[in-house]
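Heads up: the structure comes next, in structure tokens.
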Amino acid sequence: MTTFLSFLLNGLSLGSLYALIALGFVIIYKASEILNFAHGAFLLLGAYVIARVEPSVGFAAAVAIGIAVTALVALASEQILFSRVRSAHVASLTIMTLGLDVLITTDLTRRIGSSVMSLGQPWGADVVRLGGVNISENRLTAIGVAFVLIGLLFAAFRFTSWGVALRAAAEDPEAAALMGIRQARVGAVAWLIAGGLAAVAAVFLTGSPTPGLEPNLRTIAFAAFPAAILGGLDSTTGALAGGLIVGVAESLFAGYSSDLTFLGGGFSVVVPYVVMMLVLVVRPAGLFGTKELHRV
Amino acid sequence: MRTRRSGLMRPVAAIAAVAALVTAASCSTKGDDEDTPPAENSTGVVRTGAGIEGDVITLGVLTDFTGVNAASGKDVTEGQRIYWDQLNKGEKICGRFTVELDIKDHGYNVQTAVTQYAESSGDVLGFVQVLGSPMATALIPELEKDGLIGIPVAWAKNLAASPGYAVPGPTYDVETINGLDYLLSEGLIKEGDKIGHIFHDSEYGNNALEGSKFFAAQHGLTIAEQRIGAAEPDMTSRVTALAAEGVKAIVLTTQPSQTAGVAAAANGAGLDVPLLGNAPTFFPTLLDTPARDNLIKNFYLVGPNVGVGLPPAADLLKAYKDKFPNVEPSNSVVTGYSSSKIMELILQKACEDGDLTPEGVLAAKAAISPAETDGLTGTLDFSKTGISPSRESFLARPKPGVPGSTEGVEGNYEGPTVAAYVRS
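Chains E and W, in that order, are what the protein sequence lines are.
Just so you know, numbering that gives the first Met the number 0 puts 199 at position 200 of the first sequence, and the rest follows in order with no gaps.
Just so you know, numbering that gives the first Met the number 0 puts 383 at position 384 of the second sequence, and the rest follows in order with no gaps.
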């Protein structure tokens, strides 16, 4: 039972980070209908900036700088690349994000090189014991921070004018525009927030028991992509649920892999995609996504 | 109708023209191969062929500067550069040939490696480095078809079974048996224990598993297997599962970052047991991660060559420090240096036999056995394909602030169990 609880807690902590990343996908999708494939690159960028500046400015300031830089780069990408061609087909814009991802990742991979960079998390490898189950302080903090941020975002969607505008723009862009909602501004803020969330997730994804920042971090971020899709790409609740489902599934499949040898080694890495496909077969719009209705 | 036809005809004609050009080009290449025999000639009493122009021998290097094993690829290649620079300034091959390296970065991608092999194979006398089990495995048929020699930076048994490869040390199964023998002799594990083995589901991991299973059968141990993917990032659940099984040690056949992941997760799970890693599991930067303390306390590295801080590698360390005063080398530089030493022994033997053609070099591989590398590796035997070229391993512990960030604890170690090991 303790072992199962350990797997569950590890899955929830990983899942809450996936949820943060998936929320970034969802916010951008709601604001602009673009699937942002460069999100993993933003995550890598956030971690890289923090790792580079931490030795000279300390951890807290480094995290603030990392979040600011990543958010601004995300905003700049939107302003320079995407807002200029707003009339272009969404598919073209999505492909553009792939190009952006390759550009940023290639450069950062070159800069990171062969080292495993530390972000200098002050909690290091410390461990907390919760009811017979051990969890790294890093992962426990991650759960707390993720849920606070997700709660704040949910409140922002409901109670701020930007949140209402975002929901209106997602619901019916034309009607929202006619009502005087400035979609350019809604989109810009969405990219800014998504970039910031990626940097926050990076802090915890590179902490114990993960050894630190290495280029492989981007592929970890990709596990959040099926999380966003299975939750429903236009649903923030879906991002949270999808993230947790993917994290727990990954952890359980890795933990019980010796009883599942017929699935082969490393099956836990593909579990997010298998779960996504199973969900989409039953619910094509995802668990909480809006069904598309066409009047005929 | 007419308009449409002529509209269609233009691209069709263009495609036909391009196809004709491509066909002509490929015919002409083929014609060159068939009509012009390889530039085989006689240089004094030594026959030479492909891969030698004038007094220069070209050797291929297929390495990783940008993929998951970039850290080790860079150091292996630097060890090789240093070796051949020293040789070129000194005795040379046959007293007259210098060696140049044709270095290509495959980024740990099998398809890229295969393409690069095709580009280089006609211009080199052999490959002094093919880094990575998957790449080396994919190139087995190519090397055998072309009759070229290759030295893999990988120690899986399928490579030792290929007549083209000279594996520069014991295969992973033998290495794992030696590592476990060391833990047993030090009282870190005992007969009847259960031990965990976290390994890649690949030639690398499965070959090491053969070793741990053999050792377990000989000593009444039980192995708890954790078969993982090469890019699996989170080791927490794997280690939690092993902790639940009550393992007394964990064998690692993983990437370096996964080693740190296991060490950190073991610390988190309260699993305070020895961790034994095969050669590719450790890199000095792991001591900058949160796993540092547990690695220093519990990690044992078993590898095919001596550490960079030990006397047999003293020349290499000095040359490296002269070249890069502010960089700390890893033990991978010794792998590059020793594999170059093996290639030199083969080339000098081929020269003695008067045949530096690719066929002559391949024949010299078996003829150098038993080969000594001045203590860089154990004694090597390439006389029979399929056997592990060596049964001697080197054991080390992580130690910050020393060359390679490791401290040797046993050199040329051949445990009692490996003598009984006959590979299936």
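Even glycine gets a Cβ: it sits at the ideal position worked out from N, Cα and C.
Computed from a prediction, not measured in an experiment: that's the story for all the values here.
Three-way DSSP call (helix, strand, coil) for residue i in this model
{"i": "Arg390/W", "result": "coil"}
{"i": "Gln182/E", "result": "helix"}
{"i": "Ser135/E", "result": "strand"}
{"i": "Glu244/W", "result": "coil"}
{"i": "Val276/W", "result": "The question names Val, but residue 276/W is Gly in the sequence shown. Three-state result, Gly276/W: strand."}
{"i": "Asp271/W", "result": "coil"}
{"i": "Phe298/W", "result": "strand"}
{"i": "Ala154/E", "result": "helix"}
{"i": "Tyr164/W", "result": "strand"}
{"i": "Asn328/E", "result": "Nothing can be reported for residue 328/E, as the shown portion of chain E is limited to 0 through 295."}
{"i": "Tyr28/E", "result": "helix"}
{"i": "Ala293/W", "result": "Position check: residue 293/W holds Asn in this sequence, whereas Ala was assumed. If DSSP states are grouped into helix, strand and coil, Asn293/W belongs with the helices."}
{"i": "Tyr420/W", "result": "coil"}
{"i": "Gly230/E", "result": "helix"}
{"i": "Ser27/W", "result": "Bear in mind that a pLDDT of 37 at Ser27/W, under 50, signals an unreliable position, so the model cannot answer this."}
{"i": "Thr425/W", "result": "Because chain W spans 0 through 423 in this model, residue 425/W falls outside it and cannot be assessed."}
{"i": "Ala124/E", "result": "coil"}
{"i": "Ile56/W", "result": "strand"}
{"i": "Asp258/E", "result": "helix"}
{"i": "Thr62/W", "result": "strand"}
{"i": "Asp32/W", "result": "Caution is warranted here: a pLDDT of 35 is assigned to Asp32/W, below 50, making its placement in the model unreliable, and the coordinate value is therefore given only provisionally. Three-state DSSP puts Asp32/W in a helix."}
Inter-residue Cα distance where the pair is residue i and residue j
{"i": "Pro255/W", "j": "Leu232/E", "result": "36 Å"}
{"i": "Thr376/W", "j": "Ser387/W", "result": "13 Å"}
{"i": "Asp192/W", "j": "Gly194/E", "result": "49 Å"}
{"i": "Leu426/W", "j": "Thr260/E", "result": "Outside the shown range of chain W (0 to 423) lies residue 426/W, about which nothing can therefore be said."}
{"i": "Ile111/E", "j": "Ala366/W", "result": "44 Å"}
{"i": "Ser368/W", "j": "Thr384/W", "result": "12 Å"}
{"i": "Val166/W", "j": "Met134/W", "result": "14 Å"}
{"i": "Leu243/E", "j": "Leu286/E", "result": "13 Å"}
{"i": "Tyr336/W", "j": "Ser236/W", "result": "38 Å"}
{"i": "Val123/W", "j": "Asn9/E", "result": "51 Å"}
{"i": "Pro271/E", "j": "Leu196/E", "result": "21 Å"}
{"i": "Ile228/E", "j": "Ser234/E", "result": "9 Å"}
{"i": "Ser71/W", "j": "Gly195/W", "result": "26 Å"}
{"i": "Leu152/E", "j": "Ala145/E", "result": "10 Å"}
{"i": "Gln79/W", "j": "Ala153/W", "result": "16 Å"}
{"i": "Asn304/W", "j": "Gly407/W", "result": "11 Å"}
{"i": "Arg128/E", "j": "Phe64/W", "result": "41 Å"}
{"i": "Tyr255/E", "j": "Phe36/E", "result": "31 Å"}
{"i": "Ser339/W", "j": "Ile345/W", "result": "10 Å"}
{"i": "Gly282/E", "j": "Ala223/E", "result": "Note that residue 282/E corresponds to Arg in the displayed sequence, not to Gly. Looking at the two C-alpha atoms, the distance is approximately 19 Å."}
{"i": "Leu130/W", "j": "Thr62/W", "result": "5 Å"}
Neighbour-count burial assignment, residue i, 16 or more Cβ in a 10 Å radius
{"i": "Pro121/E", "result": "exposed"}
{"i": "Arg217/E", "result": "buried"}
{"i": "His88/E", "result": "exposed"}
{"i": "Arg79/E", "result": "Looking at the sequence provided, one finds Ile at residue 79/E rather than Arg. So Ile79/E ends up on the exposed side."}
{"i": "Lys364/W", "result": "buried"}
{"i": "Phe252/E", "result": "buried"}
{"i": "Leu102/E", "result": "exposed"}
{"i": "Phe158/E", "result": "exposed"}
{"i": "Ser15/E", "result": "buried"}
{"i": "Arg109/E", "result": "exposed"}
{"i": "Ser25/W", "result": "Its pLDDT being 39, under 50, Ser25/W is placed unreliably in this model, and the coordinates cannot settle the point."}
{"i": "Arg184/E", "result": "exposed"}
{"i": "Gln257/W", "result": "buried"}
Bridge-paired residues (DSSP) for residue i
{"i": "Met116/E", "result": "Leu212/E"}
{"i": "Arg226/W", "result": "Phe198/W"}
{"i": "Thr405/W", "result": "Pro397/W"}
{"i": "Gly149/W", "result": "Phe126/W and Tyr164/W"}
{"i": "Phe96/W", "result": "Ile92/W"}
{"i": "Gly178/W", "result": "BP columns for Gly178/W are empty, so no partner."}
{"i": "Leu424/W", "result": "Any property of residue 424/W remains undetermined from this structure, which presents chain W solely from 0 to 423."}
{"i": "Lys193/W", "result": "Thr221/W"}
{"i": "Thr76/W", "result": "In the DSSP output, where bridge partners are listed per residue, Thr76/W has none listed."}
{"i": "Val250/W", "result": "His196/W and Leu275/W"}
Whole-Å CB distance - residue i paired with residue j, under 8 Å assumed
{"i": "Ser207/E", "j": "Pro289/W", "result": "4 Å"}
{"i": "Asn297/W", "j": "Ala207/W", "result": "That belief does not hold up - the Cβ atoms of Asn297/W and Ala207/W are roughly 19 Å apart, past 8 Å."}
{"i": "Pro162/W", "j": "Leu286/W", "result": "So it is not a contact: roughly 40 Å between Cβ atoms."}
{"i": "Leu147/W", "j": "Pro283/W", "result": "Actually they are not in contact, since the Cβ atoms of Leu147/W and Pro283/W sit about 33 Å apart, beyond 8 Å."}
{"i": "Val44/E", "j": "Val72/E", "result": "Note that residue 44/E is Leu in the sequence shown, not Val. Their Cβ separation, rounded to whole angstroms, is 6 Å, which keeps Leu44/E and Val72/E in contact under 8 Å."}
{"i": "Gly66/W", "j": "Tyr107/W", "result": "3 Å"}
{"i": "Thr2/E", "j": "Ala243/W", "result": "4 Å"}
{"i": "Gly119/E", "j": "Phe58/E", "result": "5 Å"}
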